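Participant:
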Amino acid sequence: MKIFKYLLLTTALVTVQSAQAKNDDIAHNWTTDAEAAAMQVFVDTFESLGGNWKEVTAGSREDSVLAAKTRVLGGNPPAAVQQLIGGETADWDNNGLSANIDDLVKTQNWAGKLSPSMMKQIKTGPHYSSVPAFLEVVNFLYSNTDVLKSAGVDEVPSTWQAFLDSLDKIKNSGKIPLALGGDSWQLAILYDHVALSVLNGEEYGKVIDGDMATLNSNKMLQVFKRLAFLRDNYLDVGQANRSFPDTLSLVVSGKAGYNFMGGWGAGFFKDKQPNQWACTITPWARESLTLIEGFLFVKGGDKATQALLAKAVLNKNAQQQASALKGNIPVVQGVNMSNLTGCSKVAADSLKTNSSYTHWNAKATDNKTALQDVLADFFANKISAQQGQQQLVKKMGLL
Amino acid sequence: MVKISNKKWGLIALLPALIVGGYFIWGFGAYTAYLSFTDSTFLPSNTWVGLKQYRRLFYDDVFWLSFKNMFIYGSLYLIGCIVFGAILAILLDCIKMGETLFRTIILYPMSVSLIVTGIAWQWFLNPTSGVEKIVRGFGFEGFEFRWIVDSDMSIYVIVLGALWHGIGLIMILFLSGIKSTNPEIWHSARLDGIPAHRVYTGIILPQLRPILLTAVILLAFNVVRSFDIVAALTGGGPGRSSIVPAMYVFDYFFDRSKIAQGAAAAVIMVLTTIIIVAPYLIHEVGRKGDT
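Line by line, the protein sequences give chains A and B.
Numbered per this note's numbering, the first sequence spans residues 1068 to 1466.
Numbered per this note's numbering, the second sequence spans residues 130 to 420.
1. Report the three-state DSSP secondary structure of Phe1327 (chain A) (helix, strand or coil).
2. Just the C-alpha distance for Leu1208 (chain A) and Ala1345 (chain A), rounded to the nearest angstrom, thanks.
3. Going residue by residue through the stretch 1181 to 1243 of chain A, where are the continuous alpha helix (DSSP H) segments of at least 4 residues, counting only ones entirely within it?
4. In chain order, which alpha helix (DSSP H) runs of at least 4 residues are fully inside the stretch 325 to 412 of chain B?
5. For Ala1280 (chain A), is the classification buried or exposed, using 16 other Cβ atoms within 10 angstroms of its Cβ as the cut-off for buried?
6. Have a look at Val328 (chain B) and Ile301 (chain B) and give me their C-alpha separation to the nearest angstrom.
7. When you check each C-beta in the stretch 271 to 299 of chain B against every C-beta of chain A, which residues fall closer than 7 Å?
8. Using a Cβ cut-off of 9 Å, pull out every chain B residue sitting near Arg1138 (chain A), in sequence order please.
9. Considering only heavy atoms of the ligand COA, does any lie closer than 7 Å to the CB of Ala1103 (chain A)?
10. Taking 8 Å as the threshold (C-beta atoms), are Thr1349 (chain A) and Asn1206 (chain A) in contact?
11. Could you pull the start and end residues of the alpha helix (DSSP H) that Gly306 (chain B) belongs to?
12. Would you say Pro324 (chain B) lies against chain A (beta-carbon separation less than 8 Å)?
13. Quick one: Cα of Trp276 (chain B) to Cα of Gly366 (chain B), how far?
14. Roughly how many whole angstroms lie between the Cα atoms of Gly1219 (chain A) and Lys1242 (chain A)?
15. Taking the C-alpha atoms as reference points, what is the distance between Tyr202 (chain B) and Pro238 (chain B)?
16. Determine the DSSP secondary structure at His1095 (chain A), reduced to helix, strand or coil.
17. Restricting to Cα atoms, I'd like to know which of B:Gly214, B:Phe274, B:Leu194 and B:Tyr163 is closest to Pro374 (chain B).
18. Which bits of chain A does Gly156 (chain B) rub up against, with CB to CB less than 8 Å?
19. How many whole angstroms separate the CB atoms of Gly1361 (chain A) and Val1198 (chain A), which I take to be in contact at a CB cut-off of 8 Å?
20. Can you pull out the residues from the stretch 1303 to 1321 of chain A whose beta carbon lies closer than 9 Å to at least one beta carbon of chain B?
21. Only counting runs of 3 or more residues, tell me where the beta strand (DSSP E) segments fall wholly within the stretch 213 to 267 of chain B, in order along the chain.
22. Would you say Asn255 (chain B) lies against chain A (beta-carbon separation less than 8 Å)?
23. With contact counted as at least three CB pairs below 8 Å, one residue from each stretch, are the stretch 1319 to 1339 of chain A and the stretch 1393 to 1413 of chain A in contact?
24. Identify the contact partners of Phe383 (chain B) in chain A, using a Cβ-Cβ distance below 8 Å as the criterion.
25. Got a sec, what are the start and stop residues for the beta strand (DSSP E) Ala1345 (chain A) sits in?
26. With which residues is Gly1361 (chain A) paired in a DSSP beta bridge?
27. Here's the rule I'm using: 16 or more other beta-carbon atoms within 10 Å means buried, otherwise exposed. How should Phe267 (chain B) be labelled?
28. Classify Lys1173 (chain A) as buried or exposed, calling it buried when 16 or more other Cβ atoms lie within 10 Å of its own Cβ.
29. Can you find a C-beta in chain B that's less than 8 Å from the C-beta of Ala1447 (chain A)?
30. Could you please give the first and the last residue of the uninterrupted alpha helix (DSSP H) stretch that includes Val1319 (chain A)?
31. Considering only residues of the same chain and omitting the five flanking positions on each side of Thr420 (chain B), which have a CB-CB separation below 7 Å?
32. Can you pull the chain A neighbours of Leu400 (chain B), defined as C-beta to C-beta under 8 Å?
33. If we cut at 8 Å on Cβ distances, does Gly266 (chain B) have a partner in chain A?
34. Based on Cα-Cα distance, which residue from B:Pro256, B:Ser204, B:Ser317 and B:Tyr206 lies nearest to Glu273 (chain B)?
35. So, helix, strand or coil for Leu1116 (chain A), using DSSP?
36. Going by beta-carbon coordinates alone, are Glu228 (chain B) and Leu236 (chain B) separated by less than 8 Å?
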């Protein structure tokens, strides 16, 4: 009997080993409610196309990508890794870790499904390597309209000057005008909106790409001056050390008037009545800052799985259902977006009126850390606008 | 049958652990040191660049700040834990009733993970939700306790949280040492008319030198590898003012995908630890030969 048990165990181990060796699993971190529901749509489509879905999950995107990178180095790569398409996928491309899917793009006729600008944005290296799944708009302003009304602000301001006036009124009514946290990425999100009050979308992109002319311009100095003005007048004393959930909660609970945050902030307001809060894309700008979430195909991953995943993700029905569940915008053209509600609808509508530009989170790692480092120093040590601009010029110049 | 002595059995039993430890700890440590001399960024590479990464560290203000922070935090934490731990141990030895209760209370923080410690102290020290708000609520309108959002004081905030967590262990070490001293000492001391505090400082504490050595080593390791409490309490902030070397290494290895620079920082961390701990270790272990 003992021999039988050992045989069974060995067979099981060998089978597991050979399943891993097939490199047909997909690494992702869409494990929380809305994300998991959206992922399930893709899984169902994948399996209806004849595939056998295998996945490996992690709690955060960083963990998932790191685990996948380690597996690649160990010679046992997954078929695909869920990532933000942009600077990080460019790293994979430039280090030769991504699969070349140019022929897949042709045979599946991606050009017929995606817009030309999308086709351009997902090619982050010498060849195509990722399939986009969702489009996210990041530059949201969340307002507690009760706080605004009781301070004498009738509606969410639509110009920068009106915004400043409303901040004064909220300050006089005894509440925190602008809720801001301590993490450097939160500061960078505030930067997005202030930058768009001075720069246009192209200039915004040039700043993060390190274009010296734009960085040295008077407009950039104006951006830092406006940041300094907000920093010195409208924040609260607990700002420097606060996480983003605690910060957004200040707006939800009515202690603060405004918070700038990404689309993922909408979920925090779910217990409030629709007339008590508002989400708007940067009111004083004609730009929507976007991120593309998708799957990077790994070199050495199973090609059949990769083809099926691409087909499932770009399937029109799957796109319609999954995007509504996750609260993001579908990437395939012509998908019915009537199921999008709330802030996701606001985001989708903004793309009809605004031009879209890539958010800093999808830019090269060095560039976004340079921006975040300077902002962290700017806010922590209260340096002047001139010094802030000079530091950013210096850091970008070193790249 | 060949007769194998107990000593040899001991060596044989330890051999697997030695091999595994040697390969994974020392072997990988050597690989990290090797990587620090390459130009690895996103992935390990084999291109030798000599001391380029070390030169980068030399010119990075944040790197020097992280070491300055480690020394401030480390010395305050070490001295604080040992002094307060010893005092508490002596006090616990003196009281007759309630020793178990006090021992449990003082030891309890150690059972809380450093991450939870960091998060709890972060809430506790945030001016809008913690101590400042509570004391102001008692009527002291002008009270301020804003260290945690002050760039100059944020590292001392880490010391507070770490002390709260670490004193219990040191107290227990000293207490067990005190309790294992010869009770005859007390009889002789009473006969000679020596006051209790002189007995402690002059006779008992000096006997606890091996315990002191253990305590210092444990605490020193805690300091060098402290990442979780800093990450949870201040996140390295405000700005980068409370960053410590372990955070710097982690940052460059993972967030910034600059493996070689992170490796160089890690090598310097290890060298610093060896330079500080080794002389003390050698001195103390060497003493064993005397007694």
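Virtual Cβ for every residue (Gly too), placed ideally from N, Cα, C.
The model shown is predicted, which means the values in this text are computed figures rather than measured ones.
Facilitator: On the basis of the supplied data:
1. Residue state, collapsed to three classes: strand.
2. One C-alpha to the other measures close to 8 Å.
3. DSSP runs (the alpha helix (DSSP H)) wholly in the stretch 1181 to 1243 of chain A: 1183 to 1188, 1212 to 1217 and 1227 to 1239.
4. For the stretch 325 to 412 of chain B, the full-length alpha helix (DSSP H) segments reaching 4 residues or more read 325 to 328, 338 to 353, 357 to 362 and 374 to 379 along the chain.
5. Exposed, since its Cβ has fewer than 16 Cβ neighbours within 10 Å.
6. Cα to Cα, Val328 (chain B) sits roughly 20 Å from Ile301 (chain B).
7. Per Cβ criterion, the list reads Arg275, Ile277, Val278 and Ser280.
8. Neighbours of Arg1138 (chain A) on chain B: none; closest Cβ ~13 Å, over 9 Å.
9. Looking for the ligand COA in the displayed structure turns up nothing, as the structure carries no ligands at all.
10. Taking the C-beta atoms as reference points, Thr1349 (chain A) is found nearer than 8 Å to Asn1206 (chain A).
11. Here the alpha helix (DSSP H) through Gly306 (chain B) covers Ser283 to Lys308.
12. For Pro324 (chain B), the nearest beta carbon of chain A is not closer than 8 Å to its own beta carbon.
13. Trp276 (chain B) and Gly366 (chain B) have their alpha carbons spaced roughly 11 Å apart.
14. Their backbone Cα atoms lie some 12 Å apart in a straight line.
15. Cα-Cα distance, rounded: 19 Å.
16. Residue state, collapsed to three classes: strand.
17. Nearest C-alpha to Pro374 (chain B): B:Leu194.
18. The CB of Gly156 (chain B) never comes closer than 8 Å to any CB in chain A; the least such distance is about 16 Å.
19. Going by Cβ atoms, the distance from Gly1361 (chain A) to Val1198 (chain A) rounds to 5 Å, so yes, they are a contact pair.
20. Close to chain B, meaning a Cβ-Cβ distance shorter than 9 Å, are the following residues of the stretch 1303 to 1321 of chain A: Asp1303, Val1304, Gly1305, Gln1306, Ala1307, Asn1308, Arg1309, Ser1310, Asp1313 and Leu1317.
21. Secondary structure within the stretch 213 to 267 of chain B: not one fully enclosed beta strand (DSSP E) run of 3 or more consecutive residues is present.
22. Yes, Asn255 (chain B) counts as interfacial toward chain A.
23. Inter-segment contact for the stretch 1319 to 1339 of chain A and the stretch 1393 to 1413 of chain A is present: three or more beta-carbon pairs are separated by less than 8 Å.
24. Chain-order list of chain A residues neighbouring Phe383 (chain B): Glu1129 and Leu1133, by C-beta distance under 8 Å.
25. Where Ala1345 (chain A) is concerned, the enclosing beta strand (DSSP E) stretches over Trp1344 to Ile1348.
26. DSSP output for Gly1361 (chain A) lists A:Gln1150 and A:Pro1199 as bridge partner(s).
27. The residue in question, Phe267 (chain B), is exposed, as its Cβ has fewer than 16 Cβ neighbours within 10 Å.
28. Exposed is the call here.
29. Yes, contact with chain B.
30. Residues Phe1311 to Val1319.
31. Reliability fails at Thr420 (chain B), whose pLDDT of 46 lies under 50, so the model's placement of it is uncertain and the value that follows must be treated cautiously. Within the same chain, Thr420 (chain B) has no close Cβ partners at all.
32. Neighbours of Leu400 (chain B) on chain A: none; closest Cβ ~26 Å, over 8 Å.
33. For Gly266 (chain B), the answer is no, since every Cβ of chain A falls outside 8 Å of its Cβ.
34. In terms of Cα proximity to Glu273 (chain B), the closest of B:Pro256, B:Ser204, B:Ser317 and B:Tyr206 is B:Pro256.
35. Collapsing the DSSP output to three states places Leu1116 (chain A) in coil.
36. Contact flag unset, no.
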